[in-house]
Amino acid sequence: DENPISTLGEYSKSCHEGYRNTIELSVGNTVVPLRSDTIQLVQNGCSFHELRSEDPKQHLKYFLKLVDSLDLDGENRERTRLRLFQFSLRDQANNWLEYLPVGSITTWEDLTTRFLAQFIPPERTAKLHDDILMF
888 DENPISTLGE YSKSCHEGYR NTIELSVGNT VVPLRSDTIQ LVQNGCSFHE LRSEDPKQHL
948 KYFLKLVDSL DLDGENRERT RLRLFQFSLR DQANNWLEYL PVGSITTWED LTTRFLAQFI
1008 PPERTAKLHD DILMF
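Count along the sequence shown from 1, then add 887; that gives the number in our numbering.
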């Protein structure tokens, strides 16, 4: 039977099947281990909560400055950015990333494009456009 009947107790059991990351790293590349102090540095140094006062572009700028200071080669730099970015998000911003389809982000460009599209609302883009025209 494709859809067996489950008891309430079976639904309440913890199950880790199907839990995968939104960010899918390419196979075959070397993985630079993340140290806990590096993760804490990102969490404490540049957190994004999706508050009105926060600028998503500025968040990316600070994040890149921090992560790129780790002095990694190009291939490992992208992988490290992808792996660390999730630790820079808090609250609703973190929820946004977790609810994206599994494996839907595979490159830094994918991530930044989706992040900016999500957190720079159309009305803000329209206001910036109007401000430029009025200048």
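Where a beta carbon is used, it is the ideal one built from N, C-alpha and C, also for glycine.
Query                                                                               : Result
Beta-bridge pairing of L976 - partner residues as DSSP gives them                   : F935
Residue from D997, I1019 and L938 whose Cα sits closest to the Cα of L976           : L938
Beta-carbon spacing of E941, G990 below 7 Å                                         : no
8 Å contact criterion, which F935 and A980 should meet: CB distance rounded         : 5 Å
Span separating the alpha-carbon of L921 from that of Q927                          : 10 Å
Contact set for W995: own chain, Cβ-Cβ below 7 Å, skip 5 residues either direction  : E965, R968 and L969
CB of L957 within 7 Å of CB of C933, strictly                                       : no
Exposed unless 16 or more other CB atoms sit within 10 angstroms - verdict on L984  : buried
Exposure of I892, with buried meaning 16 or more beta-carbon neighbours within 10 Å : exposed
Segment limits, alpha helix (DSSP H) that includes T1000                            : W995 to F1006
D997 to P1009 span [Cα, whole Å]                                                    : 19 Å
Option nearest F974 by Cα separation, candidates L1020, L947 and F1006              : L947
Supposed contact pair T894 and L987 - C-beta distance, whole angstroms, cut 8 Å     : Not really, about 32 Å apart at Cβ, beyond 8 Å.
Under the three-state DSSP convention, the category I910 falls into                 : strand
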